[in-house]
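*Asks:* The structure is given below, and queries will be raised subsequently.
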Amino acid sequence: MATHLTDGQRATYEEQGYLFPLQACTRSEAQAYRDALEVVETKAEKTALKANCNFLIPEIDALTRLPAILDPVESLIGPDILIWGCSLFAKNAGTESYVSWHQDLNYWGLESDAQVTAWVALTPATVESGCMRFVPGSHRQIVEHRDTFADENMLTRGQELTVDVDEADAVNIELSTGEFSLHHGRTFHASHPNRSTDRRIGVAIRYIPTKSRQEGGIRTLATLVRGQDCYNHFELFDPPTTALSVEGIAAQRRASERSNSILYRGAESHARTA
Ligand SMILES: O=C(O)CCC(=O)C(=O)O
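Per this note's numbering, the very first residue in the sequence shown carries number 175; after that it's consecutive.
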């Protein structure tokens with residue numbers, strides 16, 4: 175069943191800079207993705223799964239290719255689709271981890287803003303568990319950021335907007351297990367710590383059209399998930415079929431080395447891996 179966006183949904187996304195809730199899979203399918211992830215977590219280093227976890231966990235790669243996600247993404251960025259990054263945002267129950275107000279695209283060094291993130295909930299994302307918060311209409315501007323490298327901040331540089339956000343303007347993006355939101359890379363977003371009794375796990379999948387290009391001609395890694403890549407602007411990686419494979423780990427390392435030179439551009443410290 176095709177699940178492309180209606181004209182009304184597209185108009186809402188363009189107006190607000192985000193759209194939710196959409197259904198990626200059933201609750202029990204989402205639980206199976208979580209189970210697969212948590213098995214791999216027991217074998218990998220703590221931070222090893224944060225970036226490009228689709229290179230390391232076949233089930234997460236399968237999640238990123240679900241038609242229920244790719245159809246809406248195609249409605250926004252066209253039929254030839256790459257994954258530029260796939261980040262795990264897991265906040266354990268009762269921890270202080272949070273995400274400061276930021277815009278994604280400020281740091282990614284992409285030549286165009288044709289990009290959309292699908293954030294898929296593998297557990298309930300609620301106000302209590304620290305769901306994402308978006309400011310409607312904020313995607314029409316680019317704002318300066320400053321680095322904080324704050325301990326509990328989950329972002330690479332602990333970056334935050336230099337303008338104050340009125341919390342009253344923000345919308346809570348509550349999602350049930352198996353649902354997802356879409357957001358534009360310039361939409362102001364943040365999230366509070368998890369005060370619930372379970373983990374809050376989201377998989378943030380960054381989709382771009384194949385014609386996108388990294389500034390400065392840097393060839394970072396990407397995965398083709400729909401259509402064709404006639405441009406060859408990125409090194410394509412075909413995710414392996416086994417968890418934590420040698421190829422997957424090597425590709426993740428290559429991706430981090432190349433993207434760190436972009437993600438940390440202008441920063442005084444390279445304290446964390448991307
Ligand atoms: O998971 C979160 O709370 C924040 C995620 C985020 O910043 C993003 O997907 O860009």
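C-beta atoms are modelled at their ideal positions from N, C-alpha and C, and glycine is treated no differently.
Taking the beta carbon of Val213 as the centre, do at least 16 other beta carbons fall within 10 Å, making it buried, or is it exposed?
*Replies:* With fewer than 16 other Cβ atoms within 10 Å, it is exposed.
*Asks:* Spatial neighbours of Glu233 within its chain, please: C-beta separation below 6 Å, excluding the five flanking residues on both sides.
*Replies:* The residues are Tyr207, Ala210.
*Asks:* Going by DSSP, which residues form a beta bridge with Ser365?
*Replies:* Note: Ser365 sits in a beta bridge opposite Val273, Met306.
*Asks:* Could you spell out the range, first to last residue, of the alpha helix (DSSP H) harbouring Ile234?
*Replies:* Ile234 -> alpha helix (DSSP H) spans 232 to 238.
*Asks:* Do Leu410 and Asp403 have their CB atoms nearer than 9 Å?
*Replies:* Yes; because the gap between Cβ atoms is below 9 Å, this pair is in contact.
*Asks:* Closest by CA to Arg320, which one among Ser312, Ala378, Val337, Ala425?
*Replies:* The shortest Cα separation from Arg320 among Ser312, Ala378, Val337, Ala425 belongs to Val337.
*Asks:* Between Gly246 and Thr177, what straight-line distance do the alpha-carbon atoms span, to the nearest angstrom?
*Replies:* Rather than Gly, the amino acid found at residue 246 in this sequence is Pro. C-alpha separation (whole angstroms): 6 Å.
*Asks:* Between the alpha carbons of Thr330 and Thr180, how many angstroms are there, rounded?
*Replies:* For Thr330 and Thr180, the distance between alpha carbons rounds to 35 Å.
*Asks:* I'd like to know if the region 420 to 428 and the region 229 to 244 are in contact, where contact means that at least 3 CB-CB pairs between them fall below 8 Å.
*Replies:* Yes, they touch.
*Asks:* Would Met175 be called buried (16 or more neighbouring beta carbons within 10 Å of its own) or exposed?
*Replies:* Burial call: exposed.
*Asks:* Taking the alpha carbon of Thr269 as the reference point, which residue from Arg380, Pro367, Glu431, Arg393 has its own alpha carbon closest?
*Replies:* Considering only alpha carbons, the answer is Pro367.
*Asks:* Quick check for students: name the residue ranges of the beta strand (DSSP E) that lie wholly in the region 305 to 390, counting only runs of 3 or more.
*Replies:* Listed in chain order, they are 306 to 308, 345 to 347, 353 to 358, 363 to 365, 374 to 383.
*Asks:* When the Cα atoms are used, what is the spatial distance from Arg239 to Arg400?
*Replies:* Rounded to the nearest angstrom, the two C-alpha atoms are 8 Å apart.
*Asks:* When you compare only the Cα positions, how much space is there between Ser355 and Gln197?
*Replies:* Straight-line Cα distance between these residues: approximately 9 Å.
*Asks:* Taking 6 Å as the limit between beta carbons, can you name the residues of its chain near Gly304, skipping five residues before and five after?
*Replies:* Excluding sequence neighbours, Gly304 sits near Lys265, Ser365, His366, Pro367, Asn368, Arg374.
*Asks:* Using DSSP bridges, identify the partner residues of Cys260.
*Replies:* Answer by DSSP bridge pairing, in chain order: Ile379.
*Asks:* Once you ignore the five residues that flank Arg446 on each side, which residues in its own chain have a CB closer than 7 Å to its CB?
*Replies:* In this prediction, Arg446 scores a pLDDT of 45, lower than 50, which makes its location untrustworthy; the coordinate-derived value is nonetheless stated afterwards. Correct list, in chain order: Thr330.
*Asks:* Would you mind giving the Cβ-Cβ distance between Val290 and Leu250, rounded to the nearest angstrom? I have them listed as a contact below 8 Å.
*Replies:* 5 Å between Cβ atoms; contact.
*Asks:* Look at the Cβ atom of Trp258, then the Cβ atom of Ile382, and state whether they are nearer than 9 Å.
*Replies:* Against a cut-off of 9 Å, the Cβ pair of Ile382 and Trp258 comes out as a contact.
*Asks:* May I ask which residues mark the beginning and end of the alpha helix (DSSP H) holding Val214?
*Replies:* Note, Val214: alpha helix (DSSP H), 201 to 215.
*Asks:* Return the residue from the list Ala299, Glu326, Arg393 that minimises the CA-CA distance to Gly352.
*Replies:* Ranking the options by Cα distance to Gly352, first place goes to Ala299.
*Asks:* Look at the Cβ atom of Arg432, then the Cβ atom of Arg387, and state whether they are nearer than 9 Å.
*Replies:* No, Cβ-Cβ distance for Arg432 and Arg387 is not below 9 Å.
*Asks:* What three-state label does DSSP hand Thr186 in the structure shown?
*Replies:* If DSSP states are grouped into helix, strand and coil, Thr186 belongs with the helices.
*Asks:* So, Thr384 versus His313, is the Cβ gap smaller than 9 Å?
*Replies:* No, these two residues do not count as a Cβ contact at 9 Å.
*Asks:* Just to confirm my understanding: we take His407, look at its own chain, exclude 5 residues before and 5 after, and list those with CB closer than 6 Å. What are they?
*Replies:* Here the set comprises Arg387.
*Asks:* Give me the Cβ distance between Gly359 and Asp278, rounded to the nearest whole Å; I'm assuming they're in contact under 8 Å.
*Replies:* About 4 Å separates the two Cβ atoms, so the contact holds.
*Asks:* Smallest Cα separation from Asn346: which of Glu189, Phe194, Arg184, Gln183?
*Replies:* Nearest C-alpha to Asn346: Phe194.
*Asks:* Taking 9 Å as the threshold (C-beta atoms), are Ser274 and Glu341 in contact?
*Replies:* Going by C-beta atoms, Glu341 is not nearer than 9 Å to Ser274.
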